[in-house]
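In the numbering used here, the protein residues as written are -18 to 273.
Here the structure comes first, spelled out in structure tokens, and everything after it is commentary.
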Ligand SMILES: Nc1ncnc2c1ncn2[C@@H]1O[C@H](COP(=O)(O)OP(=O)(O)OP(=O)(O)O)[C@@H](O)[C@H]1O
Ligand SMILES: [Mg+2]
């Protein structure tokens, strides 16, 4: 992918394919490159802005905190949020002697890769059609030094478009999808599309998370159901997929995201969202292909 001497970030990145022999079988190369990755989990949603990246980032950090080896791949080509949420914007990428990209490291060990690391300015827009997106996602899986991992968490853009489709088609034996929604009917209708998308692609559904599920006033303790609640749980029963839990709205979550500090890393400032999230992480880590 990136030649030995090429810098792997910045808009001047280009293919070094002319100097490298083309692989006889790219799918074989991809399979070999991911051979050390035990569990691949894709985070999906039907609607935008429901908290996929927040869930993906905090899930990856929370699992890494248990001592597991974790990678986080952001395949949101048009709106990569992972660099900001982990405070890694502007960090340079490098390549190993074979030209494979070395992911950045967050904390002690979390390996992170995002298309956002390849943009010179975070305001830069990427204007790519489907085949180009498929190509870069394939490279993210095939030409990156993922090494030995217990989990690879993949954050996707909303919907059932090119990026989630490419990921689901390219990775073999995925552990499954974690689907994020919010409680409104408009979000729930679209999450059902995500579930049928997974079914069509033989992607197991690990479960559904209802995010932004009520707001508990930090002053008086009253819970306000900003959006009507409970719809996701009912929908999962109707669709026969596991319900993983609900995460409340907390301003701290959004503030921490903007500061590049995942809310699961807060030691003393634990809240209802932390309790709910710990429970969800436990269920995902226990998932073994059966019912949760
Ligand atoms: N439970 C929550 N409480 C408060 N703010 C939240 C919560 N979950 C997410 N947010 C905030 O909502 C915004 C959208 O979240 P996020 O970027 O994770 O959504 P997304 O589904 O990944 O969006 P996109 O579809 O654009 O990729 C962010 O500012 C995030 O910090
Ligand atoms: Mg996102």
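Note that the Cβ used here is the ideal one computed from N, Cα and C, for glycine as well.
- Taking residue 41 as the centre and dropping the five residues before and after it, the same chain places the C-beta of 51, 53, 91, 134 closer than 7 Å to its C-beta, in chain order.
- A Cβ-Cβ distance of about 22 Å is found for the pair residue 218 and residue 24, leaving them out of contact under the 8 Å criterion.
- The closest CA to that of residue 99, considering only 61, 112, 123, 21, is found on 61.
- Sequence-distant Cβ neighbours of residue 11 in its own chain, meaning closer than 7 Å and more than five residues away, are 119, 122, 123, 151.
- Sequence-distant partners of residue 107 (beyond 5 residues in either direction) whose C-beta falls short of 8 Å from its own C-beta, in its chain, are 58, 59, 96, 100.
- Under the three-state reduction of DSSP, residue 215 is assigned to helix.
- With a threshold of 7 Å, the Cβ atom of residue 62 counts as near ligand 2, since some heavy atom of the ligand is closer than that.
- In its own chain, leaving out the 5 sequence neighbours on each side, no residue places its CB closer than 6 Å to the CB of residue 236.
- Distance between residue 225 and residue 78, taken at the CA atoms: about 42 Å.
- The Cβ atoms of residue 21 and residue 156 sit closer than 8 Å to each other.
- Between the alpha carbons of residue 127 and residue 86 lies a distance of about 11 Å.
- Residue pairing by DSSP places residue 261 in no beta bridge whatsoever.
- The shortest CA-to-CA distance from residue 102 to any of 164, 114, 200, 69 is the one to 69.
- Look at residue 103: its beta carbon is at least 7 Å from all of the heavy atoms in ligand 2.
- Contact between residue 241 and residue 67 holds: their C-beta atoms lie close to 6 Å from each other, under 8 Å.
- Under the Cβ criterion (8 Å, minimum of three pairs), the stretch 159 to 174 counts as touching the stretch 190 to 197.
- Here residue 202 has no same chain residue with a Cβ atom under 7 Å from its own Cβ, once five neighbours each way along the sequence are excluded.
- Taking 7 Å as the cut-off, the C-beta of residue 65 does not count as close to any heavy atom of ligand 1.
- Relative to ligand 1, the beta carbon of residue 192 is positioned inside 7 Å of a heavy atom.
- Taking 7 Å as the cut-off, the C-beta of residue 22 does not count as close to any heavy atom of ligand 1.
- Beta-bridge pairing by DSSP links residue 194 to no other residue.
- Per DSSP, the unbroken alpha helix (DSSP H) holding residue 234 starts and ends at 232 to 240.
- When C-alpha distances from residue 228 are compared across 244, 268, 222, the shortest belongs to 244.
- Residue 126 has its CB no nearer than 7 Å to any heavy atom of ligand 1.
- When secondary structure is reduced to three states using DSSP, residue 228 falls in the strand class.
- Beta-carbon to beta-carbon, residue 170 and residue 186 are separated by about 17 Å, too far to satisfy the 8 Å threshold.
- Here the C-alpha atom of residue 112 lies approximately 42 Å from the C-alpha atom of residue 253.
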